[in-house]
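J.: This is the structure, below, for whatever I ask next.
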Amino acid sequence: MILAQMPSLLLSVDVPAVLAAVLSACVCALLGNFLLLRKMAMLGDAISHAILPGIVISFLLLGTRSTPAMLAGAAAAGVLTAVIVEVVRRLGRVEAGAAIGVVFSAMFALGVVLMERAARNVDLDADCVLYGALESIRWGAATSWASLGSAETWLAMPRQVTTLLVLGLVSAAAVVVFFKHLRLACFDSAMADALGFPSWIIHTGLTVLVAAATVASFEAVGSILVVSMLVCPPAAARHLTDRLSRQVVLSVIIAGVCAVSGYVLAIVGPEWVGFGHSLQAAGMIAVMGGVVLLACIVCGPRHGLIARRIRQRQLARTVAREDLLGALWRIEEGRAGEPAARPPVGAAGRSARREAIRAGEIESTVGGVRLTALGRERAREIIRAHRQWETYLVDELGHRPDHVHRTAEALEHVRTPGGERLAPDQPRSRDPHDREIP
Amino acid sequence: MATTAPHRPEHRADSPLSVHDVTVTYHRRPVLWDIDYDAPAGALVAIVGPNGAGKSTLIKAALGLVPVATGEVRIFGKPGMANRSLVGYVPQRESVDWDFPISALEVVAMGRYRRLGWLRPVGRADLDAARECMARVGIADLADRQIGQLSGGQQQRVFIARALAQEARLYLMDEPFAGVDASTERAIVDVLRDLRAGGRTVICVHHDLQTVPEYFDHVLLLNTRVIAAGPVSGPGAVFTPANLHKTYGGRLTLLERAAEALARAGGGVAVGPDAARVVDGATVIGGAGVEDRPHRSPGA
């Protein structure tokens with residue numbers, strides 16, 4: 010309703026809110042890639058909570074809620090958190106995750122206590138830290154489409170948006186310029202040190218940026234969204250590519266999509282389905298992050314569950330078809346009725362038979378099926394691999410002859426990455442069961 | 004004790020790696036104790052010793068990756084990090100996450116980062132150089148593979164190629180032959196011999212005693228301290244059963260027992276050559292194991 014009827018509300022409320030959400034999500038996703046690769050994704054969580062005492066203390070010391078003062082206090086608290094986590098990990102000899110958990114809960118609690126006791130009568134609110142106040146951002150100067158033409162309107166952009174914009178530009182510049190060092194330090198920090206790029210400097214720089222992104226974001230979107238956007242878009246992008254540069258770009262795009270779609274779903278969606286009131290936008294964006302991550306885990310091209318399942322199905326079908334050919338070969342050898350000469354049965358057996366007929370490997374006869382010339386050649390290859398493996402297992406690995414059939418039954422299907430069948434060449438012409446190696 | 008003397012008569016100024024009286028501790032426990040070693044120039048050197056002997060630590064100390072408690076490392080005669088650009092490094096294969104989203108070529112190109120500095124990006128010339136290094140270890144066709152798709156031996160070759168891309172004069176390699184297939188092992192040996200022919204020095208942590216005489220000229224037998232160092236064979240050979248027995252011998256030496264005692268004793272105990280001297284004195288006098296003595300006051 011807002012969108013259609015009241016352009017002034019769209020411009021002064023929705024546009025700045027979406028801008029803040031998109032900028033915040035993109036900055037967090039951009040930096041989150043490197044935390045994720047260092048297996049320190051929880052550090053973002055820690056920093057986003059632990060900046061609270063930094064903000065309160067800087068407010069108490071300086072008596073101002075101005076952005077630079079809060080940024081400084083929060084950034085200091087963020088770096089301090091990273092340092093304390095490292096100290097607790099080393100001195101307490103606990104793993105990194107536990108150290109992070111201890112530090113950030115203690116810091117956040119300290120912040121809450123400080124806020125309740127010392128800053129009660131000011132407008133600092135713990136709920137706001139968690140969920141933000143996206144809906145309360147106002148772009149008062151943007152009253153109509155026409156007002157966008159004047160520079161004054163743009164200069165009067167809400168403070169939250171301009172802060173995030175500046176931080177986004179700084180972060181993007183830092184990532185572009187120092188990309189190779191960030192990648193090096195995340196991949197192999199010892200090598201970074203050995204090459205003369207101290208990894209602690211790179212990691213500290215990253216931590217400072219994360220702290221700054223967190224504090225710039227938290228007023229607008231809250232720490233729940235920060236944590237979600239630090240982790241979900243990079244993790245989702247990781248499922249889509251095997252190159253860090255592409256992963257970083259994809260994660261930023263995903264974050265932007267999450268922010269826009271989450272906002273629309275939270276504010277506009279409930280109206281469409283007849284819900285009386287809109288939902289919490291920051292929360293909805295965080296939910297979208299989770300949804301996208303889930304979708305990428307399920308549908309990713311190489312590592313996704315569906316892709317893996319398809320590959321498994323294809324392998325199972327190939328195995329069933331090859332087993333069918335092998336069984337027919339053994340029947341032709343005059344061993345019908347033996348377990349090894351029994352074709353695969355059930356649904357797998359039927360589909361194997363269909364596919365083998367389609368491939369011209371077998372043909373139907375009155376009594377059932379038999380190998381074609383092509384099928385016989387392929388069956389020979391399979392039986393040969395099977396018996397070579399049996400010979401190898403007995404002669405070279407010392408397995409008992411009556412124990413090797415099952416193992417060879419699996420190994421006969423193994424192929425090299427190039428697609429060739431892998432089998433050990435054997436000088437003997439007969440296998441351990443005294444059958445000919447064809 | 005002075006560690007800043009410009010010239011040490013007992014150490015050769017031209018040695019690629021000169022380790023003087025180095026002690027390294029981990030959680031107060033010495034893992035390297037009073038190490039003195041001069042690597043010969045233009046040789047292939049194996050560092051050999053049991054697990055926990057400090058082999059990797061010695062390499063890391065030489066690279067400045069772990070702090071030394073006392074002593075000094077010189078590289079081509081210069082202390083500290085002044086000559087670090089002359090050193091190429093091959094870390095243990097397990098030290099990194101092979102699921103990392105990066106291609107083999109991008110890893111090898113890391114060897115060029117030092118000459119690029121902080122601001123210059125990786126250029127075409129760097130990638131060409133990296134490809135050439137990959138060809139030298141026989142993996143030119145794997146340049147665009149994600150590193151997780153490589154076999155263990157191919158991953159090791161990526162690390163060797165990255166070290167080659169550093170164009171160093173001294174190479175420090177941590178178990179380059181660990182868990183690799185036979186063809187990779189041959190490829191690495193060929194590269195090592197190439198490097199030696201080019202006057203480079205290569206120091207490898209090595210775990211396969213059988214291949215030491217075939218692959219290496221010099222050996223450093225290490226077990227927390229230097230047991231012996233010198234040529235593998237020929238006159239003055241140190242790769243002898245007696246020395247190996249000393250290196251791998253089953254019984255704890257008094258020094259190791261002292262190290263454990265120091266680790267347990269906690270703070271306030273000076274660890275280093277001076278402490279070692281005290282321990283030595285105690286053993287001369289009493290002959291009893293240091294660890295048998297109480298280290299905390301009874302009431303504590």
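As given, the protein sequences belong to chains A and B, one line each in that order.
Per this note's numbering: the first sequence = residues 10 to 447.
Per this note's numbering: the second sequence = residues 4 to 303.
No residue lacks a Cβ here, since even glycine has one placed at the ideal position from N, Cα and C.
Rounded to the nearest angstrom, how far is the Cβ of A:A151 from that of A:L20, given a contact under 8 Å?
T.: Sure, about 4 Å apart at Cβ, within 8 Å.
J.: Should A:G335 go down as buried or exposed, given a rule of 16 or more other Cβ atoms within 10 Å for buried?
T.: When all chains shown are included, A:G335 counts as buried.
J.: Between B:I163 and chain A, is the shortest Cβ-Cβ distance under 8 Å, so that the two count as touching?
T.: Answer no: the Cβ-Cβ gap between B:I163 and chain A never drops below 8 Å.
J.: If you reduce the DSSP assignment to three classes, tell me which class A:V103 lands in.
T.: Residue state, collapsed to three classes: coil.
J.: So A:V413 and A:P447 are in contact, right, with Cβ under 8 Å, and what is the actual spacing, rounded?
T.: Contact flag wrong, Cβ pair sits at about 18 Å.
J.: Counting along the chain, where does the beta strand (DSSP E) carrying A:I446 start and finish?
T.: Per DSSP, A:I446 belongs to no beta strand (DSSP E) and is neither H nor E.
J.: Just reading off the beta strand (DSSP E) that B:N86 is part of, what are its end residues?
T.: No beta strand (DSSP E) contains B:N86, which DSSP labels as neither H nor E.
J.: Taking the alpha helix (DSSP H) that A:I210 belongs to, which residues open and close that run?
T.: First-last of the alpha helix (DSSP H) with A:I210: 208-247.
J.: Nearest to A:V31 by CA position, among A:H248, A:V273, A:P207, A:R339, is which residue?
T.: Checking every option, the nearest Cα to that of A:V31 belongs to A:V273.
J.: According to the neighbour-count rule (16 or more other Cβ atoms, all chains shown, within 10 Å of its Cβ), is A:T425 buried or exposed?
T.: A:T425 should be labelled exposed.
J.: Check the Cβ of A:F43 against every Cβ in chain B and list those closer than 7 Å, keeping chain order.
T.: The contacting residues do not exist; A:F43 stays about 12 Å from chain B at best.
J.: Does any C-beta atom of chain A lie closer than 8 Å to the C-beta of B:G117?
T.: According to the sequence provided, residue 117 of chain B is Arg. The question's Gly does not apply to it. Yes, B:R117 lies at the interface with chain A (some Cβ there is under 8 Å from its Cβ).
J.: Which full runs of the alpha helix (DSSP H) of 4+ residues lie inside the region 56-82 of chain B, going along the chain?
T.: Fully enclosed alpha helix (DSSP H) runs of 4 or longer: 58-66.
J.: Using the Cα positions of A:I372 and A:P433, report the straight-line distance between them to the nearest angstrom.
T.: The residue asked about is misnamed: residue 372 of chain A is Glu in this sequence, not Ile. Distance between the alpha carbons of A:E372 and A:P433 is about 31 Å.
J.: List the residues of chain B that A:A50 touches, going by C-beta distances under 9 Å, in chain order.
T.: Here the premise fails: no neighbours, minimum Cβ distance about 14 Å.
J.: Once DSSP output is grouped into helix, strand and coil, what is the label at A:R363?
T.: Here A:R363 sits in helix by DSSP.
J.: Rounded to the nearest angstrom, what separates B:V281 and B:H248 at their Cα positions?
T.: The pLDDT assigned to B:V281 is 36, lower than 50, so where the model puts this residue is not dependable; a value taken from the coordinates is nonetheless given after this. Cα to Cα, the separation comes out at about 27 Å.
J.: Could you work out which residue in A:A365, A:I392, A:V258, A:P279 is closest to A:T381 when comparing CA atoms only?
T.: Ranking A:A365, A:I392, A:V258, A:P279 by Cα distance to A:T381 puts A:A365 first.
J.: What does the alpha-carbon distance come out to for the pair B:G275 and B:I230?
T.: Only weak support exists for where B:G275 lies, its pLDDT of 40 falling under 50; the value from the coordinates is given anyway. Distance between the alpha carbons of B:G275 and B:I230 is about 18 Å.
J.: Check the C-beta distance from A:C37 over to A:S226 and give it rounded, since I have them as a contact under 8 Å.
T.: Between A:S226 and A:C37 the Cβ distance is about 7 Å, and since that is below 8 Å, they are a contact.
J.: Measure the C-alpha to C-alpha separation of A:A13 and A:I146 and round it to an integer number of angstroms.
T.: Interpretation of A:A13 is limited by its pLDDT of 46, a score under 50 that renders its predicted location unreliable; the figure taken from the coordinates is listed afterwards. Distance between the alpha carbons of A:A13 and A:I146 is about 20 Å.
J.: Report the three-state DSSP secondary structure of A:D332 (helix, strand or coil).
T.: A:D332: helix per DSSP, three-state reduction.
J.: Mapping the DSSP letters down to three states, classify B:E135 as helix, strand or coil.
T.: DSSP places B:E135 in helix when its eight states are reduced to three.
J.: Let's test the definition: count the other Cβ atoms within 10 Å of the Cβ of A:Q289 and tell me whether it reaches 16, buried, or not, exposed.
T.: Buried: at least 16 other Cβ atoms inside 10 Å.
J.: Which of the three DSSP states is assigned to B:D277 in this structure?
T.: Because B:D277 sits at a pLDDT of 39, beneath the cut-off of 50, its placement in the model cannot be relied upon, and the following sentence gives the value as read from the coordinates. Three-state result, B:D277: helix.
J.: Please confirm whether B:R87 has its beta-carbon closer than 8 Å to some beta-carbon of chain A.
T.: Output row for B:R87: interface = yes.
J.: Could you check if B:V1 is buried or exposed, using at least 16 other CB atoms within 10 Å of its CB as the buried criterion?
T.: Because chain B spans 4 through 303 in this model, residue 1 of chain B falls outside it and cannot be assessed.
J.: Nearest chain A C-beta to B:P82 closer than 8 Å, yes or no?
T.: Cβ-Cβ to chain A under 8 Å: no for B:P82.
J.: Is B:W101 helix, strand or coil by DSSP?
T.: Coil, per DSSP.
J.: Using the beta-carbon count (16 or more within 10 Å), is A:R47 buried or exposed?
T.: The residue in question, A:R47, is buried, as its Cβ has 16 or more Cβ neighbours within 10 Å.
J.: For the alpha helix (DSSP H) containing B:V215, list its first residue and its last residue.
T.: That run of the alpha helix (DSSP H) goes 215-218.
J.: Looking at C-alpha atoms only, which residue of B:S98, B:P94, B:L68 is the closest neighbour of B:M84?
T.: Out of B:S98, B:P94, B:L68, B:L68 has the C-alpha closest to the C-alpha of B:M84.
J.: Just the chain A side, please: which residues come within less than 9 Å of B:S186 by C-beta, in chain order?
T.: Result: empty, since nearest Cβ-Cβ is about 14 Å, beyond 9 Å.
J.: Would you say B:L167 faces chain A, with C-beta separation under 8 Å as the test?
T.: Not an interface residue.
J.: Examine chain A for any beta-carbon lying closer than 8 Å to the beta-carbon of B:M113, and answer yes or no.
T.: It does: the Cβ of B:M113 has a partner Cβ on chain A nearer than 8 Å.
J.: Work out the CA separation of A:A245 and B:A107 for me, nearest whole Å.
T.: Near 23 Å, if we compare the C-alpha coordinates of A:A245 and B:A107.
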